[in-house]
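The structure under discussion appears below in the form of structure tokens.
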Amino acid sequence: MMAGADTVETVLGPLSTTLEGVKVFMKTVIDSEPWIEEPALIPIPWRSFVVPEDRPLRIGVLWHDGIVRPHPPVTRALKQVTEALKGHNVDMVEVPPHLHDEAWTILSSLYYPDGGEADSEDIDSSGEPWRPLSMWIIKDNPCVKKLSVGEMAYWFEEREAYRKEYALHWKKHGIDALLCPVGPGVAPKHNTAKYWSYTSQWNLLDYPGLVFPVSKVDKDVDAWNGDEQILGELDQENRELWDPEEFHGGPVGLQLVGRRFEDEKIVAILEYITEKIGLPRQALI
Numbered sequence: 004m005m006a007g008a009d010t011v012e013t014v015l016g017p018l019s020t021t022l023e024g025v026k027v028f029m030k031t032v033i034d035s036e037p038w039i040e041e042p043a044l045i046p047i048p049w050r051s052f053v054v055p056e057d058r059p060l061r062i063g064v065l066w067h068d069g070i071v072r073p074h075p076p077v078t079r080a081l082k083q084v085t086e087a088l089k090g091h092n093v094d095m096v097e098v099p100p101h102l103h104d105e106a107w108t109i110l111s112s113l114y115y116p117d118g119g120e121a122d123s124e125d126i127d128s129s130g131e132p133w134r135p136l137s138m139w140i141i142k143d144n145p146c147v148k149k150l151s152v153g154e155m156a157y158w159f160e161e162r163e164a165y166r167k168e169y170a171l172h173w174k175k176h177g178i179d180a181l182l183c184p185v186g187p188g189v190a191p192k193h194n195t196a197k198y199w200s201y202t203s204q205w206n207l208l209d210y211p212g213l214v215f216p217v218s219k220v221d222k223d224v225d226a227w228n229g230d231e232q233i234l235g236e237l238d239q240e241n242r243e244l245w246d247p248e249e250f251h252g253g254p255v256g257l258q259l260v261g262r263r264f265e266d267e268k269i270v271a272i273l274e275y276i277t278e279k280i281g282l283p284r285q286a287l288i
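Going by my numbering, the first residue of the sequence shown is number 4, and it counts up by one from there.
Now the structure itself:
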């Protein structure tokens, strides 16, 4: 992304083999009050969230985003967690996808407001060949254009309008958090990761997402049903990437998403879920 252009906010995304490691990292950073030296940060201290006892948790489940269905092991993991949570003072609410295709158009238009010039110059000057995914996101992306001041303002307006629209969508369903895929499949083969919208969606909205392990791919059970409707060209392309033999034994994860500035809340909810249904407490390797 272009330096100095605050089009898509960047964050520290901690990686840890345990949920406790993520929590310690986040709380330690926030407790240091980094906003004192970094004025761009919002001065919000760590706010511990206690899962309510006087009402059920309402967790939404997004089976797919209306554009690309996740591979069979991801859907199986969603079903596993959804079914396991029933009876633990949790209401599972099916949340339909809402304009996720628009989100990618807005976001990919804001990634490179200079039309990718800075990144292209760096790659060309390195003397190394363009990698396929770099070519795909910069050169082959029809949304990447050098934006004028007016065009930049237009996409900012689109971004804010979309955030408002999605906030109303979330409010309509009254959920505490959203359970959804973290990608269209498990860890992809090299140069095939061309569908980002299960995570980039939350980048656009500035919503926190917490990824966690659930299970592993099982070639004997993870298969297409055969009656799924193909959602479009991107869905077909993703479907063709699925190979149960090749992905057998690979870790399967999901993500829990919260509204803006609700990082502590989704950490607490995932702690609750992990304890109640026995999710893995460490990364599956």
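Built from N, CA and C at the ideal position, the CB exists for glycine as well.
Put residue i into one of helix, strand or coil per three-state DSSP.
i: GLN83; result: helix
i: GLU236; result: helix
i: ALA164; result: helix
i: GLU97; result: strand
i: ASP223; result: coil
i: LYS149; result: strand
i: ASP230; result: coil
i: ASP104; result: helix
i: LYS192; result: coil
i: PHE52; result: coil
i: LYS89; result: coil
i: ASP57; result: coil
i: MET241; result: Before going further, note that residue 241 is Asn rather than Met in the sequence given. Three-state DSSP puts ASN241 in a helix.
Among the residues of its own chain, which have a CB less than 8 angstroms from the CB of residue i, if the five just before and after it don't count?
i: ASN206; result: VAL11, GLU12, LEU110
i: THR195; result: LEU244
i: TRP227; result: PRO75, ARG242, TRP245
i: LYS192; result: LEU244, GLU249
i: LYS197; result: LEU136, TRP139, GLU240
i: LEU234; result: HIS67, GLY69, ILE70, VAL71, ARG72
Between the alpha carbons of residue i and residue j, how many angstroms are there, rounded?
i: LYS1; j: VAL98; result: There is simply no residue 1 to check, as the chain begins at 4 and stops at 288 in what is shown.
i: PHE28; j: LEU213; result: 13 angstroms
i: ARG134; j: ILE140; result: 10 angstroms
i: GLY229; j: ASP68; result: 19 angstroms
i: LEU150; j: LYS142; result: 15 angstroms
i: ILE33; j: GLU231; result: 45 angstroms
i: LEU60; j: MET155; result: 40 angstroms
i: THR202; j: GLN258; result: 9 angstroms
i: GLU353; j: ILE47; result: Not covered by the structure: residue 353. The range shown for the chain is 4 to 288.
i: PRO289; j: GLU265; result: Examination of residue 289 is not possible in this model, given that the chain is present from 4 through 288 alone.
i: TRP158; j: CYS183; result: 27 angstroms
i: GLU124; j: GLU267; result: 40 angstroms
i: LYS26; j: GLU56; result: 22 angstroms
i: PHE215; j: ARG58; result: 25 angstroms
i: ILE45; j: ILE39; result: 10 angstroms
i: GLU41; j: LYS30; result: 17 angstroms
i: THR277; j: PRO247; result: 27 angstroms
i: GLU274; j: ASP238; result: 33 angstroms
i: SER129; j: GLU120; result: 14 angstroms
i: VAL260; j: PRO132; result: 37 angstroms
i: ASP122; j: PRO116; result: 11 angstroms
Say the cut is 7 angstroms; is the CB of residue i nearer than that to a heavy atom of the ligand FAD?
i: GLN232; result: Only the bare structure without any ligand can be found here, which leaves the ligand FAD out of the picture.
For residue i, which beta-bridge partners are listed by DSSP?
i: ALA180; result: ILE62
i: GLY212; result: VAL260
i: ASP68; result: Beta-bridge pairing links ASP68 to no other residue.
i: SER218; result: VAL255
i: ASP9; result: DSSP, once it has assigned bridges, lists no residue as partnering ASP9.
i: ASP117; result: LYS149
Taking residue i and residue j to be in contact with their CB atoms under 8 angstroms, please state how far apart those CB atoms are, rounded to whole angstroms.
i: ALA271; j: VAL93; result: Contact doesn't hold; Cβ gap of about 13 angstroms is too wide.
i: ALA87; j: SER218; result: Wrong, their Cβ atoms sit about 11 angstroms apart, outside the cutoff.
i: LEU65; j: PRO37; result: So it is not a contact: roughly 32 angstroms between Cβ atoms.
Counting only the same chain and skipping the five closest in sequence on each side, list residues whose C-beta sits under 7 angstroms from that of residue i.
i: ASN144; result: SER111
i: TYR169; result: HIS101, LEU208
i: GLU105; result: TYR165
i: MET95; result: ILE62, VAL64, THR85, LEU88, LYS89
i: GLY177; result: ARG61
i: GLY252; result: LYS219, VAL220
i: CYS146; result: THR108, SER111, SER112
For residue i, which residues in the same chain have their Cβ closer than 6 angstroms to its Cβ, ignoring the five residues on either side in sequence?
i: GLU161; result: ILE109
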